[in-house]
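Report on the following structure.
Structural data, given as structure tokens:
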């Protein structure tokens, strides 16, 4: 979903810290509104972006505005997103945390194939270290559990790399509660990254379990609102009433949904980035939250 507002964002009023912080197990506190770096690649999340300088500028601007948590993956490009993040800073600003993922291989634009063989996961961790120019990965997430490989082997590889000091914290992506429990027998699950937004709450049970366990929940596609954002729809109505944009309303709803929520809206545009980050200071009144809850 993109904003339909033509009103310029007052960037001096952007306060990412207003969204609060969450203490990621094995990693430490991060601001709850982060940045997802999937869109700084080419079409189909494949290859170079149209303008690499702009992509680097977006990453730098996110941090300049207060973001201290950036999420990427080895498969974005593949490799391109990590390379751009690694090249955006001569030295990473103090406190900036970079999360990445492995477990999906690419055969072309918009093609994603699970691959969880231990030797492949280990290779990808090493490549991520190289592309990001770091000695330790802050947060490394299994992008998908490969159904063709014993999941215990996949979990064991993550734990081994953590034990070797190459990874600080470990996470999972697009998993069930039972899969989280199985992983917890092998390592501390610090984060879970599942699709979650106003119109897709199919991971509500996973979110509830994360709340119980103190696990950070990273919703992907957090600004998606579908038909709710149509002209005259509940998101559009709320945005007009609050002097906000639809994207800001969607993000504010996600942030208010749970204290463990860590949305990472992604974009390759500085204007959209600033629009998204302005959601940190937007508080939805109870009646607006109720209306949005009921609408979906």
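Numbering (UniProt numbering), first residue to last: 1 to 296.
From the three backbone atoms N, C-alpha and C, an ideal C-beta is built for every residue, glycine too.
Three-way DSSP call (helix, strand, coil) for residue i in this model
i	result
residue 5	With a pLDDT of 41 at residue 5, under the threshold of 50, the modelled position of this residue cannot be trusted; read the value that follows with caution. Three-state DSSP puts residue 5 in coil, outside helix and strand.
residue 253	helix
residue 89	coil
residue 300	The chain is shown only over 1 to 296; residue 300 falls outside these bounds and no answer can be derived.
residue 74	coil
residue 197	coil
residue 297	Residue 297 lies beyond the range of the chain shown here (1 to 296); nothing can be said about it.
residue 101	strand
residue 62	helix
residue 230	coil
residue 14	coil
Alpha-carbon spacing of residue i relative to residue j, whole angstroms
i	j	result
residue 236	residue 136	43 Å
residue 162	residue 123	14 Å
residue 47	residue 113	17 Å
residue 195	residue 164	31 Å
residue 166	residue 222	30 Å
residue 278	residue 154	38 Å
residue 77	residue 39	10 Å
residue 104	residue 213	26 Å
residue 225	residue 247	8 Å
residue 276	residue 151	36 Å
residue 14	residue 285	20 Å
residue 254	residue 219	8 Å
residue 205	residue 177	7 Å
Residue i classed as buried or exposed, judged by whether at least 16 other C-beta atoms fall within 10 angstroms
i	result
residue 95	exposed
residue 110	exposed
residue 101	buried
residue 79	buried
residue 83	buried
residue 81	buried
residue 174	buried
residue 107	exposed
residue 257	buried
residue 11	exposed
residue 53	exposed
residue 138	buried
residue 144	buried
residue 239	buried
Integer Cβ distance of residue i from residue j, believed to fall under 8 Å
i	j	result
residue 290	residue 19	Not quite, the Cβ-Cβ distance comes to about 21 Å (not below 8 Å), so this is no contact.
residue 198	residue 132	At roughly 32 Å, the Cβ-Cβ gap does not stay under 8 Å, so residue 198 and residue 132 are not in contact.
residue 188	residue 25	5 Å
residue 22	residue 216	5 Å
residue 264	residue 71	4 Å
Any non-hydrogen atom of the ligand GTP closer than 7 Å to residue i Cβ
i	result
residue 91	Among the ligands in the structure shown, none appear at all, so the ligand GTP cannot be discussed.
Evaluate contact between the region 112 to 123 and the region 86 to 96, counting only Cβ atoms and requiring at least three cross-stretch pairs below 8 Å. The answer is no - the region 86 to 96 does not touch the region 112 to 123, with fewer than three Cβ pairs under 8 Å.
Exercise for the section: Take every Cβ of the region 53 to 61, pair it with every Cβ of the region 14 to 32, and state whether three or more of those distances are shorter than 8 Å. Expected result: Too few Cβ pairs lie closer than 8 Å, so no.
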